[in-house]
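A.B. asks: To start, I am sharing the structure in question, which I have written as structure tokens.
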Amino acid sequence: MTATDSGEQALFASTTRAFLGKEASLRTVRDLHAADKSFDPAWWRRAAELGWTSLLVSEDLGGGSVSGNGVADLALVAEMAGHTVAPGPLQPVSVVLAGLVDADNRTDHAAAIEAVMAGEAVASWAVYEPDRPFEPLAPTLTATATDTGYRLRGGKDRVEAAAESDLFLVVARFGDELRQFVVPADAAGVRIEPTPSIDMVKRYARVHFDDVDVATTASVGGPGQTATLIDRQTQIALILQCAELVGMLDEMLAATIAWAVDRHSFGRPLASYQALKHRFADLKTRFEACRATTAHAVSEVGARSPDADVSASIAKSFVGEWASVMLQDCIQLHGGIGLTWEHDLHMFLRRAALYRAMYGDPDYHNRRIFACLTESEVAQ
Amino acid sequence: MTETAVSTAQESVDEFRGRARAWLAENMPRIDRDHPPATRLDQDASWQRARELQKRLHDGGFAGICFPREYGGLGLTIEYQKAFNAESAGYEMPLILNIPSFTICCATLLDVGSEDQKRQHISVALRGEEVLCQLLSEPSGGSDLAGVTTRGERRGDSWVINGAKIWSTSAFAADYGLCLARTDWDVPKHEGLTMFLLPIKHPGVTLRHIAMINGSSEFCEEFFDDVELPDDAVVGGVGNGWQVASRQMFHERRSMGRSSEFSSGLESDDAEAAPIDYLDLAQRTGQTGDGRVAALAGRALAHRAVAEHLADHVYQGVLDASMPAAAGSIIRLFYADASQLELDTAAAIASTAAVVGDDAALFDVGKRYLERQIVSLGGGTTEIARNVIAERVLNFPREYAADRGVPFNQVRRGTAG
Numbered sequence: 008m009t010a011t012d013s014g015e016q017a018l019f020a021s022t023t024r025a026f027l028g029k030e031a032s033l034r035t036v037r038d039l040h041a042a043d044k045s046f047d048p049a050w051w052r053r054a055a056e057l058g059w060t061s062l063l064v065s066e067d068l069g070g071g072s073v074s075g076n077g078v079a080d081l082a083l084v085a086e087m088a089g090h091t092v093a094p095g096p097l098q099p100v101s102v103v104l105a106g107l108v109d110a111d112n113r114t115d116h117a118a119a120i121e122a123v124m125a126g127e128a129v130a131s132w133a134v135y136e137p138d139r140p141f142e143p144l145a146p147t148l149t150a151t152a153t154d155t156g157y158r159l160r161g162g163k164d165r166v167e168a169a170a171e172s173d174l175f176l177v178v179a180r181f182g183d184e185l186r187q188f189v190v191p192a193d194a195a196g197v198r199i200e201p202t203p204s205i206d207m208v209k210r211y212a213r214v215h216f217d218d219v220d221v222a223t224t225a226s227v228g229g230p231g232q233t234a235t236l237i238d239r240q241t242q243i244a245l246i247l248q249c250a251e252l253v254g255m256l257d258e259m260l261a262a263t264i265a266w267a268v269d270r271h272s273f274g275r276p277l278a279s280y281q282a283l284k285h286r287f288a289d290l291k292t293r294f295e296a297c298r299a300t301t302a303h304a305v306s307e308v309g310a311r312s313p314d315a316d317v318s319a320s321i322a323k324s325f326v327g328e329w330a331s332v333m334l335q336d337c338i339q340l341h342g343g344i345g346l347t348w349e350h351d352l353h354m355f356l357r358r359a360a361l362y363r364a365m366y367g368d369p370d371y372h373n374r375r376i377f378a379c380l381t382e383s384e385v386a387q
Numbered sequence: 014m015t016e017t018a019v020s021t022a023q024e025s026v027d028e029f030r031g032r033a034r035a036w037l038a039e040n041m042p043r044i045d046r047d048h049p050p051a052t053r054l055d056q057d058a059s060w061q062r063a064r065e066l067q068k069r070l071h072d073g074g075f076a077g078i079c080f081p082r083e084y085g086g087l088g089l090t091i092e093y094q095k096a097f098n099a100e101s102a103g104y105e106m107p108l109i110l111n112i113p114s115f116t117i118c119c120a121t122l123l124d125v126g127s128e129d130q131k132r133q134h135i136s137v138a139l140r141g142e143e144v145l146c147q148l149l150s151e152p153s154g155g156s157d158l159a160g161v162t163t164r165g166e167r168r169g170d171s172w173v174i175n176g177a178k179i180w181s182t183s184a185f186a187a188d189y190g191l192c193l194a195r196t197d198w199d200v201p202k203h204e205g206l207t208m209f210l211l212p213i214k215h216p217g218v219t220l221r222h223i224a225m226i227n228g229s230s231e232f233c234e235e236f237f238d239d240v241e242l243p244d245d246a247v248v249g250g251v252g253n254g255w256q257v258a259s260r261q262m263f264h265e266r267r268s269m270g271r272s273s274e275f276s277s278g279l280e281s282d283d284a285e286a287a288p289i290d291y292l293d294l295a296q297r298t299g300q301t302g303d304g305r306v307a308a309l310a311g312r313a314l315a316h317r318a319v320a321e322h323l324a325d326h327v328y329q330g331v332l333d334a335s336m337p338a339a340a341g342s343i344i345r346l347f348y349a350d351a352s353q354l355e356l357d358t359a360a361a362i363a364s365t366a367a368v369v370g371d372d373a374a375l376f377d378v379g380k381r382y383l384e385r386q387i388v389s390l391g392g393g394t395t396e397i398a399r400n401v402i403a404e405r406v407l408n409f410p411r412e413y414a415a416d417r418g419v420p421f422n423q424v425r426r427g428t429a430g
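Residue numbers (my numbering), protein chains in the order written: chain X, 8 to 387; chain R, 14 to 430.
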């Protein structure tokens with residue numbers, strides 16, 4: 008995943024790294040938090056100019072990948088963003104784009120795709136519902152037919168960057184059918200109610216759809232296609248979570264190793280104590296395992312392999328479970344300083360705890376993995 | 014054979030795969046899926062069978078896919094071996110020859126053996142006519158392998174070996190063992206060692222099986238009384254025994270994580286090594302559809318899959334030098350932890366049926382649970398693996414050792430030594 012095969016890829020990687028280092032540093036994250044902001048829209052437009060929003064979009068729709076594998080390119084961006092727990096709507100925007108560009112009626116959404124790609128519009132997936140776990144294929148929000156299109160009624164929850172979004176991709180039930188609709192955030196009947204988030208800058212909200220009317224062309228994909236689109240969107244969400252977590256773990260493991268080598272107790276470096284060396288060996292082993300399974304999932308999802316679904320679940324189960332455990336371990340190995348606001352560790356732990364839970368926690372994915380690998384029903 | 018060698022030189026992986034598929038169907042016995050073979054490693058018959066199957070592989074031109082052609086192999090890359098392994102699913106294969114004979118002993122001879130040793134032992138082993146084992150650990154010491162006290166003494170033109178070895182996997186079935194002996198007691202411990210190729214059937218070797226808690230007895234203990242060896246039994250040069258043993262340990266760690274290119278066939282095709290079937294356990298215990306059981310099993314299956322992803326990742330990392338060779342210990346450690354998780358999970362699902370009851374499949378979970386630590390002990394303990402990762406991958410300070418730089422005859426040893 009960190010492999011940069013071509014010159015173009017290397018250039019893309021170095022430009023992205025430089026941009027993140029300069030304009031999305033840990034200092035930036037703290038400043039945004041202090042100012043009670045999620046991200047700067049002008050900054051996001053510059054990120055879009057660098058190509059972050061074009062990677063999943065085919066060239067005929069105005070997009071383009073760097074390496075020929077847009078999923079891998081995008082995962083590389085997420086991994087680099089993880090090094091500074093960067094702000095920005097990379098995940099929600101990418102998930103929505105993944106759905107739009109695969110839809111049978113993608114041309115109906117060409118204007119939305121263009122605006123999102125340009126960074127002019129921010130889009131987010133409205134999939135969770137209040138008081139319910141992640142059940143993307145079982146929405147209760149309803150769509151009914153009107154003379155000019157559809158009317159949406161119901162509530163969504165845990166919608167990322169909702170207050171900053173211009174468009175929502177809403178999962179709905181239309182009679183017996185599963186459907187998704189693009190809804191402008193300023194449509195009549197849309198009401199956004201921010202909810203607290205544990206992350207420094209990532210924000211979430213409840214979004215109420217009180218009889219919101221949309222046109223026929225707001226539908227994304229036909230009824231027979233929606234479940235496939237939702238699976239793909241979920242896979243993209245999961246591999247982006249995992250790739251970002253790998254970048255985060257890379258950063259904090261390096262910081263904790265440097266601390267152990269530098270810090271002395273009883274006249275010798277912490278890194279010389281066998282009890283601690285063994286814990287670092289476990290951290291290193293799990294880190295490489297996180298990297299390996301994420302790379303595997305990115306490759307399967309990028310190739311649209313039949314195993315993409317289970318590979319993404321395996322990566323999420325593993326990385327989701329262990330990232331938080333490892334970061335807690337990094338805090339323990341730092342000692343008291345690791346628990347302070349001043350130290351950066353909590354910023355990483357916040358995001359890891361958030362990602363552990365969102366888009367299915369490890370327990371949810373473990374049940375899916377079992378069902379998938381044994382060809383049985385998903386047990387509740 | 015010549016024809017095969019010529020055709021493989023230009024053959025793509027897919028062509029090779031197709032040819033392997035056809036050949037396997039014609040030549041190798043199929044496994045009865047309902048009654049997979051359970052190869053008892055402590056039975057002579059199992060080894061006789063493995064030698065016959067290996068001979069068939071060799072005669073068919075599919076032995077030693079990653080060993081060089083001049084030593085009887087095919088000289089191909091791991092992609093060909095993996096393709097062959099995948100095609101071999103469902104066929105009876107000589108799996109017990111993989112560890113230690115091919116993946117550790119032959120791999121080490123390939124690295125450090127003399128031209129004669131390579132030509133003689135590797136090609137003979139690939140024909141199924143020779144099995145090799147390791148004679149490393151001793152009754153007086155475990156992880157401190159370099160502290161061995163088996164003596165190798167120069168007498169005239171030969172070497173004479175005296176001492177004892179233990180934990181030698183399948184030594185009873187082997188023809189030769191790679192035996193680590195001390196040939197110089199006046200230098201620090203790592204410097205006074207020499208590796209010998211020692212014939213197991215030598216009259217001076219007394220061999221005893223060790224009974225394990227699971228009822229198996231493939232591990233052996235050997236006693237050497239004046240075992241006389243010629244000069245050309247030395248592997249890698251006199252005084253270089255530690256370097257040779259280090260190569261063995263390197264190959265052993267990789268084989269423990271199932272990432273050796275010298276391994277042929279799928280371990281999972283043997284009932285004794287078959288992966289745990291969680292759906293079967295859930296069905297036998299009436300827990301199908303139970304969300305807790307599904308989550309436990311799914312977690313174990315995720316770790317099983319990640320162990321494979323990690324083995325590939327580290328293998329490639331060592332190959333392209335982005336990771337040091339010592340990173341093999343990462344594979345070893347993770348595989349051990351994942352195996353423990355699997356057995357714990359199986360025991361949790363089987364519950365009382367693993368310890369009391371007449372369903373053999375469920376009771377077998379209890380028996381496998383008893384030997385859970387074998388993966389964490391065999392091939393170097395996971396504690397040593399953690400030291401290796403910390404010291405040689407993360408470059409943390411080395412552990413204090415009281416014998417470092419001290420002539421071995423001045424090093425304190427326990428009374429048992």
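In this text, a Cβ means the ideal position worked out from N, Cα and C, and glycines have one as well.
Bear in mind that the values here come from a model prediction, so they are computed numbers and not experimental data.
Going by alpha carbons, who is nearest to A150(X) out of E142(X), A296(X) and R160(X)?
C.D. replies: Of the candidates E142(X), A296(X) and R160(X), the one whose C-alpha sits nearest the C-alpha of A150(X) is R160(X).
A.B. asks: What three-state label does DSSP hand S150(R) in the structure shown?
C.D. replies: Note: S150(R) maps to coil in three-state DSSP.
A.B. asks: Taking 8 Å as the cut-off, does the stretch 198-218 of chain R touch the stretch 153-170 of chain R (at least 3 CB pairs, one atom from each stretch)?
C.D. replies: Short answer: they touch.
A.B. asks: T214(R): buried (16+ other C-beta within 10 angstroms of its C-beta) or exposed?
C.D. replies: At residue 214(R) the sequence reads Lys, which differs from the Thr that was named. It is exposed - the Cβ of K214(R) has fewer than 16 other Cβ atoms within 10 Å.
A.B. asks: With the cut-off set at 9 Å, would you say L87(R) and M41(R) are in Cβ contact?
C.D. replies: Contact flag unset, no.
A.B. asks: DSSP on T395(R), reduced to helix/strand/coil?
C.D. replies: Helix, per DSSP.
A.B. asks: Where in the stretch 22-98 of chain R do unbroken runs of the alpha helix (DSSP H), each at least 4 residues long, occur, reported from the N-terminal end onward?
C.D. replies: List check, alpha helix (DSSP H) in window: 26-40 and 57-73.
A.B. asks: If we require 4 or more residues per run, which alpha helix (DSSP H) segments fall completely within the stretch 263-344 of chain X?
C.D. replies: List check, alpha helix (DSSP H) in window: 281-309 and 315-341.
A.B. asks: Taking the alpha carbon of I205(X) as the reference point, which residue from G14(X), F355(X) and H372(X) has its own alpha carbon closest?
C.D. replies: With distances taken between Cα atoms, I205(X) lies closest to F355(X).
A.B. asks: Got a sec: is the Cβ-Cβ distance from R399(R) to anything in chain X below 9 Å?
C.D. replies: Yes, its Cβ sits closer than 9 Å to a Cβ of chain X.
A.B. asks: Is the beta carbon of A117(X) less than 9 Å from the beta carbon of V189(X)?
C.D. replies: Taking 9 Å as the Cβ cut-off, A117(X) and V189(X) do not qualify as a contacting pair.
A.B. asks: Taking 9 Å as the cut-off, decide whether the C-beta atoms of A278(X) and A403(R) are in contact.
C.D. replies: Taking 9 Å as the Cβ cut-off, A278(X) and A403(R) qualify as a contacting pair.
A.B. asks: Can you give me the C-alpha to C-alpha distance between I223(R) and C146(R), rounded to a whole angstrom?
C.D. replies: Going by the C-alpha atoms only, they are around 16 Å apart.
A.B. asks: Given that a residue counts as buried once 16 or more other Cβ atoms are within 10 Å of its Cβ, and exposed if not, what is E16(R)?
C.D. replies: Low per-residue confidence applies at E16(R): pLDDT is 41, beneath 50, and the placement is therefore not dependable enough to give any value.
A.B. asks: According to DSSP, is Q240(X) helix, strand or coil?
C.D. replies: Of the three classes helix, strand and coil, the one that applies to Q240(X) here is helix, per DSSP.
A.B. asks: Mapping the DSSP letters down to three states, classify T9(X) as helix, strand or coil.
C.D. replies: In this prediction, T9(X) scores a pLDDT of 44, lower than 50, which makes its location untrustworthy; no coordinate-derived value is stated.
A.B. asks: Would D350(R) pass as an interface residue toward chain X - the criterion being a Cβ-Cβ separation below 9 Å?
C.D. replies: Yes, D350(R) counts as interfacial toward chain X.
A.B. asks: Where do the ends of the beta strand (DSSP E) carrying G190(R) lie?
C.D. replies: Start and end: Y189 to R195.
A.B. asks: Please check if any C-beta of chain R sits within less than 9 Å of the C-beta of H285(X).
C.D. replies: Output row for H285(X): interface = yes.
A.B. asks: Is the stretch 298-312 of chain R close to the stretch 372-384 of chain X, with three or more CB pairs under 8 Å?
C.D. replies: Yes, since at least three Cβ pairs between the stretch 298-312 of chain R and the stretch 372-384 of chain X fall closer than 8 Å, the two stretches touch.
A.B. asks: For a test of the three-state rule: what should DSSP assign to M208(R), helix, strand or coil?
C.D. replies: In the structure shown, M208(R) sits in a strand (DSSP, three-state: E or B).
A.B. asks: Return the first residue and the last residue of the alpha helix (DSSP H) that A379(X) is part of.
C.D. replies: Rather than Ala, the amino acid found at residue 379(X) in this sequence is Cys. That run of the alpha helix (DSSP H) goes P369 to L380.
A.B. asks: Going along the chain, which residues of its own chain have a beta-carbon closer than 7 Å to the beta-carbon of L37(R), five neighbours each way excluded?
C.D. replies: If we look at L37(R) and ignore the five residues flanking it on each side, its Cβ neighbours are E100, S101 and Y104.
A.B. asks: Going along the stretch 296-314 of chain R in order, which residues come within less than 8 Å of chain X, judged by CB to CB distance?
C.D. replies: Correct list: T301, G302, D303, G304, V306, A307, A308, L309, A310, G311, R312 and L314.
A.B. asks: Determine the DSSP secondary structure at W172(R), reduced to helix, strand or coil.
C.D. replies: Three-state result, W172(R): strand.
A.B. asks: Suppose you measure from the CA of N227(R) to the CA of E384(R); what does that come to, to the nearest Å?
C.D. replies: Going from the Cα of N227(R) to the Cα of E384(R) covers about 6 Å.
A.B. asks: Could you give the DSSP three-state label for A133(X): helix, strand or coil?
C.D. replies: DSSP places A133(X) in strand when its eight states are reduced to three.
A.B. asks: Excluding the 5 residues preceding and the 5 following R24(X) in the sequence, name in chain order all residues of the same chain whose CB lies nearer than 7 Å to its CB.
C.D. replies: For R24(X), where only same-chain residues beyond five positions count, the Cβ hits under 7 Å are M87.
A.B. asks: By a C-beta neighbour count over all protein chains shown, 10 Å radius and 16 as the cutoff for buried, is G182(X) buried or exposed?
C.D. replies: Counting Cβ neighbours within 10 Å, G182(X) comes out exposed, since fewer than 16 surround it.
A.B. asks: Given that Y291(R) touches chain X, what residues does it touch there, using C-beta distances under 8 Å?
C.D. replies: Ordered by position in chain X, the residues that pass the 8 Å Cβ test against Y291(R) are F377 and T381.
A.B. asks: So is the beta-carbon of L290(X) under 8 Å away from any non-hydrogen atom of the ligand COA?
C.D. replies: Annotation note on the ligand COA: not contained in the displayed structure, which lists no ligands.
A.B. asks: Roughly how many angstroms separate the alpha carbons of G58(X) and N76(X), rounded to a whole number?
C.D. replies: Cα to Cα, the separation comes out at about 14 Å.
A.B. asks: Comparing the C-beta of R86(X) with each C-beta of chain R, is any distance below 9 Å?
C.D. replies: Per the sequence shown, residue 86(X) should be read as Glu rather than Arg. For E86(X), the answer is no, since every Cβ of chain R falls outside 9 Å of its Cβ.
A.B. asks: Along the stretch 405-427 of chain R, where does the CB come closer than 7 Å to a CB of chain X? Name the residues.
C.D. replies: Per Cβ criterion, the list reads V406, L407, F409, P410 and E412.
A.B. asks: My output table needs one value for A18(R): the three-state DSSP class, helix, strand or coil.
C.D. replies: Summary for A18(R): the model assigns pLDDT 45, below 50, so the residue's position carries little reliability; its value from the coordinates is reported in the next sentence. It is helical.
A.B. asks: What does F75(R) reach in chain X if we use C-beta pairs closer than 8 Å?
C.D. replies: Near F75(R) there are no residues of chain X at all, since even the closest Cβ is about 28 Å away, more than 8 Å.
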